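*Asks:* This structure is in structure tokens; I'll ask about it shortly.
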Amino acid sequence: MASIYQARKDGGWTAQVNLGGKRRSKTFPKQADAKRWARQQEATIDTKGARVRTVDDTRLNDLIQCYLTECIDVTAISRSKESTIRHISELLGRARLSDLTVARYQDFAKERTAEGAGSTTIGQDLTYIHTILKTAGPLLDAPYESALGNYHAARRILSMSGKVTRSEERDRRPSDSELLQLREQWAKRRRVVPMWDITLFAISTAMRLSEITRIRWDDLDEDNRTVVIRDRKHPRSKKGNDQTVPLLCGPAVIGGETVDPIALIQRQVRTDAEIFPYDSGTISTSFTRGVAACGIEGLRFHDLRHDGVSRLFEAGYDIPQVSLVSGHESWSNLKRYTNLRPESLHRD
Numbered sequence: 001m002a003s004i005y006q007a008r009k010d011g012g013w014t015a016q017v018n019l020g021g022k023r024r025s026k027t028f029p030k031q032a033d034a035k036r037w038a039r040q041q042e043a044t045i046d047t048k049g050a051r052v053r054t055v056d057d058t059r060l061n062d063l064i065q066c067y068l069t070e071c072i073d074v075t076a077i078s079r080s081k082e083s084t085i086r087h088i089s090e091l092l093g094r095a096r097l098s099d100l101t102v103a104r105y106q107d108f109a110k111e112r113t114a115e116g117a118g119s120t121t122i123g124q125d126l127t128y129i130h131t132i133l134k135t136a137g138p139l140l141d142a143p144y145e146s147a148l149g150n151y152h153a154a155r156r157i158l159s160m161s162g163k164v165t166r167s168e169e170r171d172r173r174p175s176d177s178e179l180l181q182l183r184e185q186w187a188k189r190r191r192v193v194p195m196w197d198i199t200l201f202a203i204s205t206a207m208r209l210s211e212i213t214r215i216r217w218d219d220l221d222e223d224n225r226t227v228v229i230r231d232r233k234h235p236r237s238k239k240g241n242d243q244t245v246p247l248l249c250g251p252a253v254i255g256g257e258t259v260d261p262i263a264l265i266q267r268q269v270r271t272d273a274e275i276f277p278y279d280s281g282t283i284s285t286s287f288t289r290g291v292a293a294c295g296i297e298g299l300r301f302h303d304l305r306h307d308g309v310s311r312l313f314e315a316g317y318d319i320p321q322v323s324l325v326s327g328h329e330s331w332s333n334l335k336r337y338t339n340l341r342p343e344s345l346h347r348d
């Protein structure tokens, strides 16, 4: 049985294998490389004619660990996603990849249903499993193909039976009156977090909350009215996807006033490297509480991004121009964020 541990001095990963009384060890810069070497040693070295361990003993937990340490920046994912993956590990992680049959996936769905998870939530759980298999499987050189094929078969069966469904596309946009209610609510007392400024900025830029709290003063170009969003979310590139986006004045007009993102930035106190140096969880919680205090139903902070994208189209911008602002790769993804109001199509 191999032992994988992190070296204290250089931060590398050491793999140690004990086969037939002979101990072998080797240090690698990445944990995935250490695991791969250990499996190769155990699969190729025989002890009295029998292999001690083979690649077929790889478990889902091995892939989950690799996914969280090698495939993504775990500090950048939401607490909800990380918590879900940890729970998947508890329920299914000890299963060998060869044991991930169609029936095992169905049993997992039943377990989640018994815990109170809905069909959409279970569908998201399975999507995470799919991503882990596809990304960490090849990285660990693990036999994941059968588990992946069984996944697709199980998902089809669960979808046909209605036990797994996709999340519904949201079309919720805040009205001007709802936004002004929020402004009044937040104005009632002095707040550390400038919720109204952040709300206006989210609508006028169509940025995600995580992007808003990440942009820096150094990335702002006031002369060209642009800002660089570092490591912007991308379906394939998790790192290095930096995008320069325009800060447009005009598409968002709220309560008869034109929203200018540059003016909102200039109102912020320059005490930190980030323009909005606040915890995204705190902002999200404050927004939810403000919505509840105003008696507004079904409005989330992320709906502001939907609103921002829709306002751009209503202002006459075309698909490539809106994509440059929102960061969407394709129209199929962008249209999910587009909820035009019929009255906005009238032209003077």
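Going by full-length UniProt numbering, the first residue of the sequence shown is number 1, and it counts up by one from there. All C-beta atoms, glycine included, are put in the ideal place defined by N, C-alpha and C. Computed from a predicted model, the values in this text were never measured in an experiment.
(1) Over the uninterrupted alpha helix (DSSP H) stretch that includes residue 266, give me the two end residues.
(2) Flag this pair as touching only if the stretch 184-191 and the stretch 311-327 have three or more C-beta atom pairs under 8 Å; answer yes or no.
(3) Distance, Cα to Cα, residue 304 vs residue 205?
(4) If we count the other Cβ atoms within 10 Å of its Cβ and call it buried at 16 or more, is residue 160 buried or exposed?
(5) The beta strand (DSSP E) spanning residue 5 covers which residue range?
(6) Look up residue 113 in the DSSP assignment and say whether it is helix, strand or coil.
(7) Report the rounded CA-to-CA distance for residue 273 versus residue 125, giving the unit in angstroms.
(8) Any idea what DSSP makes of residue 245, helix, strand or coil?
(9) Do you know whose CA, among 292, 139, 294, 268, lies nearest residue 35's CA?
(10) Need the endpoints of the alpha helix (DSSP H) that residue 205 sits in, please.
(11) Helix, strand or coil: how does DSSP classify residue 26 here?
(12) Please classify residue 156: is it buried, with 16 or more other beta-carbons within 10 angstroms of its beta-carbon, or exposed?
(13) Any heavy atom of the ligand NAP closer than 7 Å to the CB of residue 246?
(14) Can you name, in chain order, every residue of its own chain whose Cβ lies under 7 Å from the Cβ of residue 38, other than the five neighbours on each side?
(15) Taking residue 231 as the reference, which of 252, 207, 248, 221 has the closest Cα?
(16) With a threshold of 8 Å on Cβ separation, who are the neighbours of residue 196 within its own chain once the five nearest residues in sequence on each side are excluded?
(17) Is it true that the stretch 110-129 meets the stretch 75-95, where meeting means three or more beta-carbon pairs spaced less than 8 Å apart?
(18) Do residue 299 and residue 211 have their beta-carbon atoms positioned less than 8 Å apart in this structure?
(19) When the Cα atoms are used, what is the spatial distance from residue 321 to residue 286?
(20) Quick check on DSSP: helix, strand or coil for residue 299?
(21) List the whole-angstrom C-beta distance separating residue 133 from residue 63, where the pair is believed to meet the contact cut-off of C-beta under 8 Å.
(22) For residue 242, which residues of its own chain have a beta-carbon under 8 Å away from its beta-carbon, when the five flanking residues on both sides are left out?
(23) Since residue 221 sits in a beta bridge, which residues does DSSP pair it with?
(24) In angstroms with no decimal places, state the Cα-to-Cα distance between residue 141 and residue 88.
(25) Look up residue 216 in the DSSP assignment and say whether it is helix, strand or coil.
(26) For residue 180, which residues from the same chain have a beta carbon less than 6 Å from its beta carbon, with the 5 sequence-adjacent residues on both sides left out?
(27) Which value, in whole angstroms, describes the spacing of the CA atoms of residue 116 and residue 93?
(28) Restricting to runs no shorter than 4 residues, where is the alpha helix (DSSP H) found entirely within the stretch 95-180?
(29) Going by DSSP in three states, residue 319 sits in which element: helix, strand or coil?
(30) Report, in whole angstroms, the separation of the C-beta atoms of residue 150 and residue 91, which I expect to be a contact under 8 Å.
(31) Specify the secondary structure class of residue 34 as computed by DSSP and reduced to three states.
(32) In terms of residues, what are the limits of the alpha helix (DSSP H) holding residue 78?
(33) Classify residue 253 as helix, strand or coil using the three-state DSSP reduction.
(34) Does the distance from the CB of residue 172 to the CB of residue 251 come in under 8 Å?
*Replies:* In short, the structure shows the following:
(1) Residues 261-266.
(2) As far as the Cβ criterion goes, the stretch 184-191 does not touch the stretch 311-327, which means the pair count is below three.
(3) When rounded, the distance between both Cα atoms is 10 Å.
(4) Classification of residue 160: exposed, given that the 10 Å Cβ count is below 16.
(5) Looking at the DSSP string, the run of the beta strand (DSSP E) that includes residue 5 is 3-6.
(6) Looking at residue 113 - three-state DSSP - the assignment turns out to be helix.
(7) Approximately 36 Å, taken between the alpha carbons.
(8) Residue state for residue 245 is assigned as strand, using DSSP reduced to three classes.
(9) Answer by Cα proximity: 139.
(10) Annotation: the continuous alpha helix (DSSP H) that includes residue 205 extends over 195-205.
(11) The three-state secondary structure of residue 26, taken from DSSP, is strand.
(12) Of the other Cβ atoms in all chains shown, fewer than 16 fall within 10 Å of the Cβ of residue 156; this residue is therefore exposed.
(13) The ligand NAP is not among the ligands present in this structure, which contains no ligands whatsoever.
(14) Taken in chain order, the residues that qualify are 2, 4, 15, 17.
(15) Taking only the C-alpha atoms, the option nearest residue 231 is 207.
(16) Here the set comprises 182, 183, 186, 187.
(17) The stretch 110-129 makes contact with the stretch 75-95, as at least three CB pairs between them are under 8 Å.
(18) Not a contact, by the Cβ cut-off of 8 Å.
(19) Each residue's Cα considered, the two are about 32 Å apart.
(20) Residue state, collapsed to three classes: coil.
(21) Confirmed, about 7 Å.
(22) Only 228, 229, 230, 231, 232 meet the Cβ criterion.
(23) In DSSP, residue 221 forms a bridge with 226.
(24) If you draw a straight line from the Cα of residue 141 to the Cα of residue 88, it is about 21 Å long.
(25) When secondary structure is reduced to three states using DSSP, residue 216 falls in the strand class.
(26) Closer than 6 Å at the Cβ level, and outside the excluded window around residue 180, lie 255.
(27) Using only the alpha carbons, I get a separation of about 20 Å.
(28) The stretch 95-180 contains these whole alpha helix (DSSP H) runs: 102-114, 119-139, 145-160.
(29) DSSP places residue 319 in helix when its eight states are reduced to three.
(30) At roughly 17 Å, the Cβ-Cβ gap does not stay under 8 Å, so residue 150 and residue 91 are not in contact.
(31) For residue 34, the secondary structure class from DSSP, reduced to helix, strand or coil, is helix.
(32) Per DSSP, residue 78 is not a residue of any alpha helix (DSSP H), being assigned neither H nor E.
(33) Assignment of residue 253 by DSSP, reduced to helix, strand and coil, places it in the strand class.
(34) Not closer than 8 Å, so no.
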